[in-house]
Structure formats: structure tokens, C-alpha cells
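Note sheet for the following structure.
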Amino acid sequence: MLDRLPFLVGLRYVRAKRRNHFISFISLTSMLGLMLGVAVLILVLSVMNGFDHELRTRILGMVPHTKIESQEGLVEWQALADQLVERERVIGAAPYVEQQGMFSAGGRNQGAMVNGIHPDWEDQVSIIGEHMRQGQLSDLVPGEWNVVLGSMLARRLGVGVGDRVTLLVPEASITPAGVFPRLKRFTVSGIFSVGADLDANLAYANIEDMQTLARLGDAVGGLRLELDDLFVAGSETQAIVNELGSGYRGTDWTASHGSLFQAIQMEKRMIALLLTVIIAVAAFNIVSTLVMVVTDKRADIAILRTIGATPRSIMGIFIVQGLTIGLIGIAIGVAAGVLLALTISDLISWFETTFGIQFLDAGVYFISDLPSQLQWGDVRDIVIAAFGLTFLSTLYPAWRAARVQPADVLRYE
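Residue numbers (the numbering used here): 24 to 436.
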């Protein structure tokens, strides 16, 4: 019977109605604090995981993991592509010609990066084909001067499929009449949307058309490479450049989007730390709750000691009581956090549709909707951390209860 004493008495103290309502209020506050802290931490980490996932799949699905270029341009690019694809880390290669320019249509102007691509090779290194709203990449036929625009870029220019746009490139053409900027008329043959800032500043044209516009002849600007692990892009790029020798240079995705990824990771760590502090504050409220309970139950403790309860059993009673309060708060918090993490994207979409408010503007942020990706490993770590903090918060009050001397208490009863 004495072996089960801590559990029986500890659970009884949790269920019992106390004469001191302030103690009950503090207990409820501690439980609610743990619940809110755990739920919010699960939700926020899920949203941060969603941003991280979107960065990898959307942004880095469109941005090359690695680019290999030559100072003179790549003429025999097919042989080089076949050579690089044989490397263990490289899973795809495609040629490209990049040209910064400004599109003009109907009096509207918008700057963009135009990628000259080979439609048959592009799916090896990009997810653009999966996000075509209108048209196909196969519509980029050499000599027809077609262009595929991002959805936001097309909207800002006020154009759709079949409309004509003028591309002005920052290079001058010298003619007998003087120096003129280089212009070329394109026909919009498709529109893509990945829900990111690339929709506003990226366009695709056929690589042969862009070679003609850039006056590269048979050369291409370089090769875009897809790797099996984007986090080895730096070392793999350096290894490829060293192997190819002088005259080649390489850049990887960290040059253009590495700071964004690092910012997300840093924000995730800092937010997790701050919310863990909130959980710690709620957990250590249990200290004050149990200290007041110990003071309120000194007579009960003394009686239990006189009938054979050991100091260890007395400690166990209040540890069980504190852990029960904590576990109830943690359990409710986990349930609420998981539910919110799984539904937050739909809730935000409903709120935006109902009230006409846009939380994320792709022109400001790199995506237009709120992503969420629940990872059970994060839930496990949060539960372990919350449980550990709760356990630590019970030790001091339980130790004080174990030091109560029956004779000193019962002398005046």
C-alpha cells in the first residue's frame, strides 16, 4: 500500500477541491501556460518548417543548384554536360543563356531576368514545367521568338498568352543613324506560377533565340546542374571547377538565396528558444503552486509520516501532483498544436478569402501563402523539453515537503 502511496495521494490532491482558491487559480494558470506554450511552439516550428520546405522545393527548384560557366562561353556544351552528369552527385544538366533586360507592353515597363533554355533539357534541372498555368515549354520554338512569363510579371505588364512584349537589353547597337538600345519583340506563349518572387522577375525564352539576341553564336552562357543534395553544392562546385581547370568558374545557389535560407534557420532557432522560455515560465509556476500546497498540507504530511510514510514517499506525492498538472497541460497543448499545424494553411486561406486581407505578398515575401509542415521529431523534442522542465519544477517543493517534521506540526494540532 505504501508503495502506491505517492500515486494515490498525488492524484487525489490534483482532483480535490481546495479551500484556498488562489492555489487552484495558480494551478490552472500553470496548466494553461504549458498548454499555450507547447501549442504555439509546435505551430510556429511547423510554419518555419513549411517555409524551409517551400524554399527548397519552389525557389531552389527553379534556381540552379550549381552553374558552370566559361569566360569564352561554352561551345561544346553537350559533351561537357554528358561528362558532368557522370559524377556521383550530379543528377541533371542543362544549357542556359541569361540576359537581364526590361519588358515593355502597353506603356508599362518591368525589369526581369530572361533565361534562354533548351525545352528538352530544362526538366532535368528545373520544376518550371510542373508550374505552367498556360502554354508549354515546348512552345518555345527556335526562331519564333516566344517567351514564357511569370504570372506576376505578366499581370504587371497587363499581357496574356498571344500578346506581344518588347524586351530591351542593356547593350547598345551602333548603326549609321547612331547608338540605339537593343530591342526585340517577343510573343507571350505561356505563363508560369510557383507562388514565389520569381513570378515577378523571371522569364524563359528559347536558347537559340537568346544566343542570337546576345550575339553568342553557337556558344551558351553555361550549364545549370541539379545535385542530389543541395547542401553539398559549394564543395561539389569547387571540385568540378578544379577538375575542369582554368577558364571555368562556378557559382552555387548559396550566392543568390543562401542568406534567405540562413535567415529562416536562424529565425527558427531563436523563435524556438523564446517559446521554450515561455514554457519554462509556465512550468516553474508549478513551483509556486506546489510550495503553497505543501504549506496547506503540512498536517496531512505529518500524519502520513506518523503512519509510516518515508520522506521519499512524501517527495513522490508532490512530484506526481506536479507532473500530473504538467502532463495535462502538455497533452492538451500537443493536441491543439498538431491540429493548428495541420490546418493553419486552410484557416489563413479562408480568412483571406472571407475578409479580403492578404497576409503574405509575393512581391515582399518569397511566397504568397502560409506553409506548414508538421514534423513529429519536433513534437517529440517539445514534449521532452516541456516534461523535463515540469519535472525540475517539482523537485524543490517536493524536497521541502519531505523535510516537514511531524512533531513540529502536530504539537499545535
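Yeah, the Cβ is synthetic: ideal placement off N, Cα and C, and Gly gets one too.
Under three-state DSSP, which class holds residue i?
i, result
"G115", "strand"
"K320", "coil"
"T333", "coil"
"D275", "strand"
"V164", "coil"
"I91", "strand"
"G270", "coil"
"E249", "strand"
"A242", "coil"
"G60", "helix"
"R423", "helix"
"L397", "coil"
"Q159", "coil"
"V255", "helix"
"V170", "strand"
Can you name, in chain order, every residue of its own chain whose Cβ lies under 7 Å from the Cβ of residue i, other than the five neighbours on each side?
i, result
"R156", "S174, I214, F215, S216"
"Q147", "G115, A116, A117, E249"
"R272", "E92, V264"
"F284", "L78"
"T417", "I309, L313, F341, I342, G345, L346"
"H88", "L248, E249, L250, L253, A256, D275, W276"
"F30", "V343"
Please work out which residues of its chain come closer than 8 Å, Cβ to Cβ, to residue i, disregarding the five sequence neighbours upstream and downstream, and give them in chain order.
i, result
"V402", "I65, V357, G360, V361"
"L59", "I301, A305, G356"
"Q261", "G273"
"H154", "F215, S216, V217"
"I407", "none"
"M85", "S149, I150, I151, V217, A219, L221, L225"
"W422", "M338"
Run the CB neighbour count on residue i, radius 10 Å, all protein chains shown included, and call it buried at 16 or more, exposed below.
i, result
"A237", "buried"
"Q234", "buried"
"A164", "This sequence places Val at residue 164; Ala is not what is there. The residue in question, V164, is exposed, as its Cβ has fewer than 16 Cβ neighbours within 10 Å."
"A437", "Because the chain spans 24 through 436 in this model, residue 437 falls outside it and cannot be assessed."
"W399", "exposed"
"R328", "buried"
"G201", "Note that G201 scores 47 on pLDDT, short of 50, meaning its location in the model is unreliable and no value can be drawn from it."
"W15", "The requested residue 15 is not part of the displayed model; the chain covers only 24 to 436."
"L313", "buried"
"T376", "exposed"
"F126", "buried"
"T80", "exposed"
"I324", "buried"
"Q230", "Note on residue identity: the sequence assigns Ile, not Gln, to residue 230. Per the 10 Å Cβ criterion, buried."
"M289", "exposed"
"Q122", "buried"
"D232", "buried"
"I405", "buried"
"E259", "buried"
"S282", "exposed"
"F378", "exposed"
"F48", "exposed"
Take residue i and list the residues in its own chain whose beta-carbon comes closer than 6 Å to its own, dropping the five residues that flank it on each side.
i, result
"V98", "D241, A242"
"N169", "D162, L163, T210, S212"
"E194", "R205"
"L225", "M136, G173"
"K291", "M71"
"R179", "Q133"
"I294", "V67"
Measure the beta-carbon distance from residue i to residue j and round it to whole angstroms, keeping in mind my assumption that it falls under 8 Å.
i, j, result
"I348", "S50", "6 Å"
"I82", "A286", "Going by Cβ atoms, the distance from I82 to A286 rounds to 13 Å, so no, they are not a contact pair."
"G152", "E145", "7 Å"
"G124", "V192", "4 Å"
"L107", "L221", "With a Cβ gap of about 25 Å, L107 and L221 do not count as contacting."
"R112", "D251", "6 Å"
"A62", "L363", "7 Å"
"A424", "I337", "5 Å"
"G268", "V120", "Going by Cβ atoms, the distance from G268 to V120 rounds to 23 Å, so no, they are not a contact pair."
"I353", "F410", "6 Å"
"V184", "G158", "6 Å"
"V188", "Y227", "Contact flag wrong, Cβ pair sits at about 13 Å."
"L176", "A223", "5 Å"
"L239", "G96", "6 Å"
"V427", "R321", "6 Å"
Length-filtered (4 minimum) alpha helix (DSSP H) runs lying within the region 337-380: none
Unbroken stretches of the alpha helix (DSSP H), 4 residues or longer, contained in the region 179-237: 221-224, 230-237
Alpha helix (DSSP H) runs wholly inside the region 100-149, at least 4 long, in chain order: 100-108
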